[in-house]
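Numbering (the UniProt record's numbering), first residue to last: 1 to 686. Following: one structure in structure tokens, then a few remarks.
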């Protein structure tokens, strides 16, 4: 991990080779769109004929008719995209925007359980048509702005509405392709809307009964068909801010607090006008509460510039006494310098088979965990874990390193509270997309089957221990709607990495004994089984996934940001940038030592050799090394000495071995790191 400031660029959306819609840099008046009766041959203002009844020329009539046609067609295509099946080929990056692969059990897309990927040809046609139509619409309103302004009554908020739709398409396509450049484009459109004040005149003076429903839609992530009429203008503005915030969070930009403050003010003004509608006030206040809690949980450890790194006073004490400190926005994606260093250290060229992580399925089924826009905090973190850092000026075609090797992010499928049908369908689609050297990674974050422990059903082929309990389906249907270790068994015909974060995640270790001899790598990483109190005997936040589980799993946090997770379990809430850089240096040393140790052990132990085979991929190598760091921290922690309170893996190996001299080196590095944050007394040697 490398610390650094996130770019706060608010550059305008740019045109590129495939003709992305671009905001007009010369737009100074930018009015907007209103539907009118095109049979009228008189000039209109806000849909009503002007008093002077000036007749429209034939050219003006044609301009307005074409604009209305494009506007209506774009709306239809936008709505149709949500009705398409959620899965499709991962080889669709030539398209500029696409369908959101994230699904919800209440979404119309969720009813499609077909595992056929061939249906994507239909989806591809919709993507192309939607992009083409919005491109034409955007350029058309720029070209004919004068006529649309004076003769049609185009309003600024309606231009903003078109730009917002384009931003949404880029965001959804980012989620489908995992190409960060599309997320940057979404942020550029959203930033231009804010910078030009397209929604500046939106007021809450008028409303209708659809506003509370739109707040609920905003919380659930489905924000397109809630409410109607002019009274929904303020709601459009609120939903736009919510979308802008999630995009800015994903890009690690420093404008999030400003956006939240503006959204809070707009919500406050809005609910003041609907005092007789307590449901509307409650819903929008819940939206704000969700966003605040999500932002707070996203950064449990703050890093500051301008503060002393050593001395009698902690960073928090310096801040409380008024010492000025500037927060540093950290980027948790895979940095290029780490890729190059780790790649050299791993001696990738000597690896017999160059496996590549190609498909990732991320499932977030923890019902009580903080979420925002259909992303739980664990999903939000894991999305970034499997992406590379790019410059904000990057495009999807610029993903090559200086050695000419293509650096693409793996294709991701996201399932928020997915059903068993959706999970199995997406597993099949992802597995089918793997090439000869491709690896599938499955991340499962879920509640256990029940509060009474593990429920099992005897079976000749597998131990049908339930992991997921879809409570909404009732007691009689629990088995049908649960995922079992044997459900992943067919996937072991190709290289598979499974990460399971649940109270009873250990049942998935049995998959290693069940798998047939297909000769393919299989790695299973699971969270600790049990839980203890939130504060252990030694005064620390206990390092188990269940501690403050609604704010995200500690185990998953280690895989996302190991240093922040270490500080978190030690109760450290703020550090200086100097201290953070020192911790990063020690962590880098830990990873390098671990690479040497694992490679050496693989010469004598076939269990280690499975991990070495996967080290040729930057993401797999990083997540495996972070797991071993997590395992070492748990093993040395005084409050997690019980084996059930430690993460486990298949093949089961450990960097800590009393018979190995190298063990002392790993322990020393942990002690140096914890001593730096004044938490050394919380750990002990094995």
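C-beta: ideal position from N, C-alpha, C; glycine also. Computed from a prediction, not measured in an experiment: that's the story for all the values here.
Check, Outcome
"Within 8 Å, strictly: CB atoms of residue 130 and residue 169", "yes"
"Extent of the continuous beta strand (DSSP E) to which residue 61 belongs", "Note, residue 61: premise wrong, no beta strand (DSSP E); alpha helix (DSSP H) at 58-81."
"Selected residue, minimal CA-CA separation from residue 596, among 583, 83 and 621", "621"
"CA-to-CA distance, residue 648 to residue 525, given in whole angstroms", "6 Å"
"Identity of the residue in 491, 143 and 563 nearest residue 518 by Cα", "491"
"Residue 328, DSSP secondary structure in three states", "coil"
"Segment limits, beta strand (DSSP E) that includes residue 411", "411-416"
"Assigned exposure category for residue 652 - 16 Cβ within 10 Å defines buried", "exposed"
"Residues that DSSP places opposite residue 364 in a beta bridge", "416 and 445"
"Straight-line Cα distance separating residue 625 from residue 436", "25 Å"
"Beta-ladder partner(s) of residue 359, from DSSP", "411 and 440"
"Contact under 8 Å by Cβ, residue 291 with residue 245", "yes"
"Limits of the alpha helix (DSSP H) - the one that residue 726 falls within", "The first residue shown for the chain is 1 and the last is 686, placing residue 726 beyond what the model contains."
"8 Å contact criterion, which residue 553 and residue 378 should meet: CB distance rounded", "6 Å"
"Distance between residue 368 and residue 154 (C-alpha atoms, nearest Å)", "45 Å"
"Separation of residue 192 from residue 562, as counted between CA atoms", "35 Å"
"Runs of alpha helix (DSSP H) lying entirely within the segment 602-668, each at least 4 residues, in chain order", "606-614 and 618-636"
"Rounded C-alpha distance that separates residue 585 from residue 299", "21 Å"
"Rounded C-alpha distance that separates residue 663 from residue 550", "35 Å"
"Distance between residue 667 and residue 636 (C-alpha atoms, nearest Å)", "8 Å"
"Residue 438 vs residue 359 beta-carbon contact at 8 Å", "yes"
"When 332, 671, 197 and 413 are compared against residue 174, the one with the closest alpha-carbon", "413"
"Burial state of residue 694 (16 or more Cβ within 10 Å)", "Shown here, the chain extends from 1 to 686; a query on residue 694 therefore has no answer."
"DSSP three-state assignment for residue 435, whether helix, strand or coil", "coil"
"Secondary structure, alpha helix (DSSP H): runs of 4+ residues fully inside the segment 543-587", "554-560 and 562-569"
"Local conformation of residue 252 per DSSP, three classes", "coil"
"Cβ-Cβ distance between residue 488 and residue 523 below 8 Å", "no"
"Counterpart residues of residue 683 in DSSP-defined beta bridges", "637"
"Delimiting residues of the alpha helix (DSSP H) encompassing residue 296", "278-298"
"Proximal residues to residue 665 (C-beta, below 7 Å), its chain only, five neighbours per side dropped", "593"
"N-terminal and C-terminal residue of the beta strand (DSSP E) that residue 302 is part of", "302-305"
"C-beta neighbour in chain C for residue 359, strict 8 Å", "The displayed structure is made up of one protein chain only, and chain C is not part of it."
"Secondary structure of residue 389, DSSP reduced to three states", "coil"
"CA nearest to the CA of residue 486, picked from 513, 501 and 139", "513"
"CB of residue 598 within 8 Å of CB of residue 328, strictly", "no"
"Residues sharing a beta bridge with residue 425, DSSP", "DSSP lists no partner for residue 425."
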